[in-house]
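*Asks:*
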Amino acid sequence: MNLEKILNIKYPFIQGGMANISKGKFAASVSEAGGLGLIGTGGMSPEDLLKEIKIAKENTDKLFGVNLLLLNPQVDALVDIVISQGIKFLTTGAGNPGKYMKRFKENKIKVFPIVSSIALAKRMEKLGADGIIVEGEEAAGHIGDISTMVLLPQVAQAVNIPVVAAGGIGSGRQIFAAEVLGASGIQFGTSLLATFECPIHQNYKEKIIKSKSSNITVIGLTNAYKTRVIKNKMARTYLEIEKTNKDKLALEKLTLGALKKAVEVGDMENGSIMAGEVVGQINEILSIKDLFEKFYHEYKEVREFYENRR
Numbered sequence: 011m012n013l014e015k016i017l018n019i020k021y022p023f024i025q026g027g028m029a030n031i032s033k034g035k036f037a038a039s040v041s042e043a044g045g046l047g048l049i050g051t052g053g054m055s056p057e058d059l060l061k062e063i064k065i066a067k068e069n070t071d072k073l074f075g076v077n078l079l080l081l082n083p084q085v086d087a088l089v090d091i092v093i094s095q096g097i098k099f100l101t102t103g104a105g106n107p108g109k110y111m112k113r114f115k116e117n118k119i120k121v122f123p124i125v126s127s128i129a130l131a132k133r134m135e136k137l138g139a140d141g142i143i144v145e146g147e148e149a150a151g152h153i154g155d156i157s158t159m160v161l162l163p164q165v166a167q168a169v170n171i172p173v174v175a176a177g178g179i180g181s182g183r184q185i186f187a188a189e190v191l192g193a194s195g196i197q198f199g200t201s202l203l204a205t206f207e208c209p210i211h212q213n214y215k216e217k218i219i220k221s222k223s224s225n226i227t228v229i230g231l232t233n234a235y236k237t238r239v240i241k242n243k244m245a246r247t248y249l250e251i252e253k254t255n256k257d258k259l260a261l262e263k264l265t266l267g268a269l270k271k272a273v274e275v276g277d278m279e280n281g282s283i284m285a286g287e288v289v290g291q292i293n294e295i296l297s298i299k300d301l302f303e304k305f306y307h308e309y310k311e312v313r314e315f316y317e318n319r320r
């Protein structure tokens with residue numbers, strides 16, 4: 011892998027920009043541990059973003075970035091803050107970053123759009139993206155339709171810029187497999203939820219380490235908001251409404267503030283417990299430093315094993 015050389019970081023690991031979770035102090039902790047931390051702008055106002063960037067700067071002098079959700083109604087102001095604060099790395103999602111690319115390039119900001127299709131990856135390369143984050147449907151939260159195993163090698167063959175794998179990766183073996191399929195680095199989300207530094211409720215962390223992959227389900231199959239979550243009362247009710255009357259108002263009411271209920275209150279029945287399929291591999295809470303060291307050590311061991319078999 012060579013993402014660490016491209017970004018001048020210790021490990022080729024990026025932290026996903028998880029809404030209501032990926033804030034300044036957490037992003038700084040990831041960067042301090044040798045990865046690249048991101049501040050997630052989902053649900054953030056420009057004032058919120060400015061505050062979190064300042065917090066990150068107070069807690070690290072290493073590179074950190076911002077995950078820009080382009081559907082945010084205040085995205086123009088968010089872009090202004092990213093530029094004025096000297097942010098040098100961006101991931102983008104939920105929209106087309108094309109209208110901002112000229113400004114990003116002028117300010118020497120590396121842009122890695124998140125994609126879930128080959129066509130979108132090609133389009134982002136044409137727009138001038140510096141890299142691509144390929145997110146498979148195994149990932150937590152809002153997802154596409156194609157698995158990482160299938161999508162990653164096709165995107166890697168289709169573009170000539172670095173490709174980062176995301177979704178369903180939670181061990182050194184899987185990191186090595188992603189490298190074989192064409193990845194230059196890895197983006198982690200679910201694995202980082204079970205870390206001491208992650209600012210989610212302890213109930214959420216306990217749910218992550220106790221859940222199996224079979225405890226995961228996808229809600230929102232009947233609309234444009236497919237979301238991977240851990241099964242609970244909220245998810246079961248959502249699926250039942252989808253199956254019967256598809257009452258959009260009832261679905262909106264059910265999910266309103268549901269992520270915050272899980273993240274901040276620790277409500278494991280009525281909250282939206284976003285998690286990827288990799289949750290079944292997570293059985294302990296570690297520091298980010300120990301998690302990254304564990305993953306990288308496993309990756310190097312597996313890589314050396316297969317190199318020595320040649």
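11 is the number of the first residue of the sequence shown in the working numbering; add one for each residue after it. Idealized CB from N, CA, C, for every residue including glycine.
(1) To the nearest whole angstrom, what separates the beta carbons of Phe-23 and Gly-195, a pair I think is in contact under 8 Å?
(2) Which class does Val-144 belong to by DSSP, given the choice of helix, strand or coil?
(3) From what residue to what residue does the beta strand (DSSP E) around Phe-74 run?
(4) Would you mind reading off the limits of the beta strand (DSSP E) that contains Ile-24?
(5) Would you call the CB atoms of Asn-280 and Lys-243 closer than 8 Å?
(6) What are the boundary residues of the alpha helix (DSSP H) that includes Lys-120?
(7) Name, in chain order, the residues that DSSP records as bridge partners for Met-284.
(8) Identify, in the order they occur along the chain, each residue of the same chain with its Cβ nearer than 7 Å to the Cβ of Glu-308, setting aside the five sequence neighbours on each side.
(9) Helix, strand or coil for Gly-290? Go by DSSP, reduced to three states.
(10) At which residues does the alpha helix (DSSP H) containing Phe-305 begin and terminate?
(11) Per DSSP, which residues does Ala-131 bridge with? Please list them.
(12) Rank Pro-107, Lys-253, Thr-70 and Leu-46 by C-alpha distance to the C-alpha of Glu-135 and give the top, closest one.
(13) Ends of the beta strand (DSSP E) at Thr-254?
(14) Check for me: the alpha helix (DSSP H) holding Gly-182 runs from which residue to which?
(15) Taking C-alpha atoms, which residue in Thr-237, Asp-86 and Gly-138 lies nearest to Ala-268?
(16) Would the segment 62–69 and the segment 25–39 be scored as touching if the rule is three or more Cβ pairs under 8 Å?
(17) If I measure Cβ to Cβ from Ile-210 and keep anything under 7 Å in the same chain, skipping five residues before and after, which residues do I get?
(18) Can you tell which of Leu-137, Ser-126 and Ala-166 has its C-alpha closest to the C-alpha of Ala-149?
(19) Would you kindly report the start and end of the unbroken beta strand (DSSP E) that includes Phe-206?
(20) May I have a chain-ordered list of the alpha helix (DSSP H) segments no shorter than 4 residues that lie completely inside the segment 147–183?
(21) Using a Cβ-Cβ cut-off of 8 Å, state whether Lys-61 counts as contacting chain D.
(22) Should Thr-51 be labelled buried (16 or more other beta-carbon atoms within 10 Å of its own) or exposed?
(23) Taking the Cβ atom as the reference point for each residue, do Ile-218 and Val-288 lie within a distance shorter than 8 Å?
*Replies:* With the given structure in hand:
(1) Translated into the one-based positions of the sequence shown, residue 23 becomes position 13. Translated into the one-based positions of the sequence shown, residue 195 becomes position 185. Indeed they touch by this definition, with Cβ atoms about 7 Å apart.
(2) As a working mapping, residue 144 is identified with position 134 in the sequence shown. Correct three-state label for Val-144: strand.
(3) Numbered from its first residue, the sequence shown carries residue 74 at position 64. Its beta strand (DSSP E) spans residues 74–79.
(4) As a working note, residue 24 is residue 14 in the sequence shown. Ile-24: member of the beta strand (DSSP E) spanning 23–25, first to last residue.
(5) As a position in the sequence shown, residue 280 is number 270, starting the count at 1. As a position in the sequence shown, residue 243 is number 233, starting the count at 1. In this structure, Lys-243 lies closer than 8 Å to Asn-280 by Cβ.
(6) As a first step, residue 120 is located in the sequence shown; it is residue number 110 there, counting from the start. Counted as a single uninterrupted DSSP element, the stretch harbouring Lys-120 is not any alpha helix (DSSP H) but the beta strand (DSSP E) occupying residues 120–125.
(7) As a first step, residue 284 must be located in the sequence shown, where it is residue number 274. Answer is Val-239, bridged to Met-284.
(8) As a first step, residue 308 must be located in the sequence shown, where it is residue number 298. In chain order, Ser-181, Gly-182 and Arg-183 place their CB closer than 7 Å to the CB of Glu-308, counting only its own chain and leaving out the 5 sequence neighbours on each side.
(9) Taking the first residue of the sequence shown as position 1, residue 290 is located at position 280. Gly-290: helix per DSSP, three-state reduction.
(10) Residue mapping note: residue 305 aligns to position 295 of the sequence shown, counting from 1. Note, Phe-305: alpha helix (DSSP H), 298–318.
(11) By 1-based counting over the sequence shown, the position of residue 131 is 121. Answer is none; Ala-131 lacks a bridge partner.
(12) For this step, residue 135 is matched to residue 125 along the sequence shown. Minimum Cα distance to Glu-135 is reached at Pro-107.
(13) The residue you call residue 254 lines up with position 244 of the sequence shown. Segment: none, Thr-254 is in no beta strand (DSSP E) and carries neither H nor E.
(14) The sequence position of residue 182 within the sequence shown is 172, counting from 1. Counting along the chain, the alpha helix (DSSP H) containing Gly-182 begins and ends at 182–190.
(15) Here residue 268 corresponds to residue number 258 of the sequence shown, with the count starting at 1. Of Thr-237, Asp-86 and Gly-138, the residue nearest in Cα terms is Thr-237.
(16) yes
(17) As a first step, residue 210 must be located in the sequence shown, where it is residue number 200. Taken in chain order, the residues that qualify are Ile-31, Leu-203 and Val-273.
(18) Here residue 149 refers to the residue found at position 139 when the sequence shown is read from its first residue. Cα-wise, what sits closest to Ala-149 is Ser-126.
(19) Numbered from its first residue, the sequence shown carries residue 206 at position 196. That residue, Phe-206, is in no beta strand (DSSP E); it is neither H nor E in DSSP.
(20) For the segment 147–183, whole alpha helix (DSSP H) runs of length 4 or above, ordered along the chain, are 158–168.
(21) Of the protein chains in the structure, only one exists, and it is not chain D.
(22) What you label residue 51 is simply residue 41 of the sequence shown in a count that begins at 1. Label assigned to Thr-51: buried.
(23) Within the sequence shown, numbered from 1, the residue matching residue 218 stands at position 208. Within the sequence shown, numbered from 1, the residue matching residue 288 stands at position 278. The answer is no: Cβ separation not under 8 Å.
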